[in-house]
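So the structure is just underneath, and the comments pick up after that.
In this note's numbering, the protein residues as written are 10 to 182.
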């Protein structure tokens, strides 16, 4: 069985579906992992790290899409790439099934198994697969950092020999 992933549109998506640690786990349980060349360069993760953990790297995106039994993507691939998926393949990611209802229905008609992870129930048994909490946590953290870069006061209280700067009062909603 082959797990594959191709690069997302890096203008709109900086995250990746597969990390070097994931590759190591997948390979240890018997999967092959196919990734597109320069898959995570934008995150300072070079292909060598994936190769060291057992991934195979290809320049040909079509080969990865056609040969993978499971395709891991953050977003729904474009129409051209979706057409390359053959029946009985599995597509796993975050696909916004409400907005992409027609495209997903078309995949289902072609016997492509689609698993949109944001639909997983948020229960104890599925906690390790809960992507909503982790992504919301990251987005909240980043929003606070970005907001404070525009704020004109010191955020934490600063106590130095030269004096004290009181902390800013902030309400996070």
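The beta-carbon is built from N, C-alpha and C at its ideal position, and this holds for glycine as well. Small disclaimer: the values here were computed from a predicted structure and weren't measured.
Query raised in the report: What's the gap between the Cα of residue 110 and the Cα of residue 117?
Result: When rounded, the separation of the alpha-carbon atoms in residue 110 and residue 117 is 10 Å.
Query raised in the report: For residue 119, which residues from the same chain have a beta carbon less than 8 Å from its beta carbon, with the 5 sequence-adjacent residues on both sides left out?
Result: The beta carbon of residue 119 sits closer than 8 Å to the beta carbons of 94 and 96 from its chain, once the five residues preceding and following it are set aside; these are given in chain order.
Query raised in the report: Below 7 Å between beta carbons: does that hold for residue 87 and residue 74?
Result: Not closer than 7 Å, so no.
Query raised in the report: When the Cβ atoms of the segment 50-61 are set against those of the segment 74-84, are three or more pairs found closer than 8 Å?
Result: Cβ pair count under 8 Å is below three, so no.
Query raised in the report: Does the segment 166-175 touch the segment 119-130, meaning 3 or more C-beta pairs lie closer than 8 Å?
Result: The segment 119-130 vs the segment 166-175: no contact.
Query raised in the report: Mind checking residue 44: buried by the 16 CB within 10 Å criterion, or exposed?
Result: By the neighbour-count rule (16 or more Cβ atoms within 10 Å), residue 44 is buried.
Query raised in the report: On the three-state DSSP scale, how would you describe residue 173?
Result: The answer is strand: DSSP assigns residue 173 an E or B state.
**Report entry** Own chain residues within Cβ distance below 7 Å of residue 175, not counting five before or after
**Finding:** Closer than 7 Å at the Cβ level, and outside the excluded window around residue 175, lie 166.
**Report entry** Option in 153, 71 and 124 with minimal Cα separation from residue 15
**Finding:** With distances taken between Cα atoms, residue 15 lies closest to 71.
Query raised in the report: With DSSP run on the structure shown, which of helix, strand or coil describes residue 31?
Result: Secondary structure at residue 31: helix, using DSSP grouped into helix, strand and coil.
Query raised in the report: On the three-state DSSP scale, how would you describe residue 41?
Result: In this structure, residue 41 counts as strand in the three-state DSSP scheme.
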